[in-house]
Amino acid sequence: MADELGEMDDEPARADGRGELLAMSEHTDQISPADVCVLVPTLNEEPTIGDVVTAFIEAGYTNVLVVDGGSTDDTQEVALTAGADVLVQSGDGKGQAVREAVAQIDVPYVLMLDGDGTYDPGDAERMLEPLSRGYEHVIGNRFAGMDDDAMRALNSFGNRMINRAFRFIHGADYEDILSGYRAFTVDSFERLSLDADGFTIETELAVECVKHGIETTVVPVSYAARPADSETNLHPIRDGGTIILALYSLAKTNNPLFYFGSLGLTGIFLGGVVASYVLWQWIVHSVGHEILAVVAAAAILLGVQLLMFGVLSDMLVSLHREQHRRLERLTRHARKRDNE
Ligand SMILES: Nc1nc2c(ncn2[C@@H]2O[C@H](COP(=O)(O)OP(=O)(O)OP(=O)(O)O)[C@@H](O)[C@H]2O)c(=O)[nH]1
Ligand SMILES: [Mg+2]
């Protein structure tokens, strides 16, 4: 999957559905700012939100929607004065805010970024450009142009580990899955099943893109440090842990072999350790541990069963993906015929 997606840049037209989609849209014009909603989730970003909104409006992106999580500072007033629409989210967390906001957007494209001034509005065109070529989701890779002081060592290390885990578990290389700079079509967003409320929204977006075969690409963006007077909403250890857990639990339907297989291998390993101990006690000291022997056997059996279950589920998922691709191809053919 990773390779398939990675190849798309060099290979515009291919016999399968993907190539077709790109070839079809090769002549599409550049995306007009009028078709774009700039979406900025905020929670207490008063020091920076004004500059972010103003930069987009001056660049011609006049449709700016700030979705606020009930800031206790003047974020909402500053955003309104700068010319944005402000929506106050009905629930909690960045994820809920983004879902609620996208449901109200009536233009085809969304450019999403944080309100903390760490992303560069000057990268907007670069972020949107792939959408005009048929891509449906674009991730801004912060590691490409990061200021030295933009991310603490712990955060940077955590980010890299999470990206590595994502690549291993979900089989696609999106380089910076936790990036908050995203461009996507409203249509593709609606096809994803998202239910993360908080900071796992970015993780969920990446996993769902792989799962639903959303045409995704990565572009380099610059990333600056939060200004000294603005405060982070992130707790590196707690949020990092939640993200890793989310990556793992989302593997159930995306990579069941990994999900069940890793549990199975753990069972086999633990059972093996106990069995070796029992055997050693019996051979060296002639002492029998019946109960431990039963526990070891049960753990090994359960492990093998989980592993088999993983293999079977993996086959099911592969078949499902194939059918899904076929259906998409048929839908596209049908749409094309209708348009002719
Ligand atoms: N609407 C809404 N926005 C939120 C909420 N929590 C965070 N945000 C915003 O989501 C964006 C990302 O949050 P940040 O705190 O910058 O998270 P981060 O970029 O991972 O962490 P930093 O390294 O501190 O920048 C910011 O614009 C926040 O203001 C929330 O509960 N509701
Ligand atoms: Mg940020």
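Just so you know, we're using the numbering used here here: the sequence shown kicks off at 6 and counts up by one.
Beta carbons are placed, not taken as given, at the ideal position from N, Cα and C, and that holds for glycine.
Would you give the residue range spanned by the beta strand (DSSP E) that residue i belongs to?
i    : result
S137 : Not the beta strand (DSSP E): S137 falls in the alpha helix (DSSP H), residues A129 to S137.
A149 : H142 to M151
V41  : V41 to T47
Just to confirm, does residue i get its C-beta within under 6 Å of one of the non-hydrogen atoms of ligand 1?
i    : result
T53  : no
R231 : yes
K99  : yes
N238 : yes
V72  : yes
A60  : no
Who pairs with residue i in a beta bridge, going by DSSP?
i    : result
T190 : Y114
D90  : L70
T222 : V143
S227 : G150
Y124 : Y228
Residue i and residue j: beta carbons closer than 7 Å?
i    : j    : result
Q94  : A102 : yes
L284 : A304 : no
G315 : P261 : yes
G139 : V226 : no
A170 : M132 : no
L239 : V212 : no
V191 : P113 : yes
V69  : V91  : no
V41  : Y66  : yes
S137 : Q35  : yes
L183 : N160 : no
T47  : V83  : no
A155 : Y228 : yes
Is residue i near ligand 2, in the sense that its beta carbon is under 6 Å from a heavy atom of that ligand?
i    : result
T123 : yes
D234 : no
Would you kindly report the start and end of the unbroken alpha helix (DSSP H) that includes residue i?
i    : result
S323 : E295 to N344
Q286 : P261 to H290
F204 : Looking at the DSSP string, F204 is not in any alpha helix (DSSP H), and its letter there is neither H nor E.
D56  : E51 to E63
H217 : Counting along the chain, H217 falls outside any alpha helix (DSSP H), and DSSP gives it neither H nor E.
Spatial neighbours of residue i within its chain, please: C-beta separation below 6 Å, excluding the five flanking residues on both sides.
i    : result
K172 : The displayed chain sequence assigns Arg, not Lys, to residue 172. D178, listed in sequence order.
S235 : P52, T53 and D121
Please go through the same chain and pick out, in chain order, the residues whose beta-carbon is closer than 8 Å to the beta-carbon of residue i, but skip the five residues on each side of it.
i    : result
L26  : For L26, the pLDDT reaches just 45, beneath the cut-off of 50, and the residue's location in the model is therefore unreliable, although a value from the coordinates is still provided. Hits under 8 Å: G139, E220 and R337.
R157 : P241
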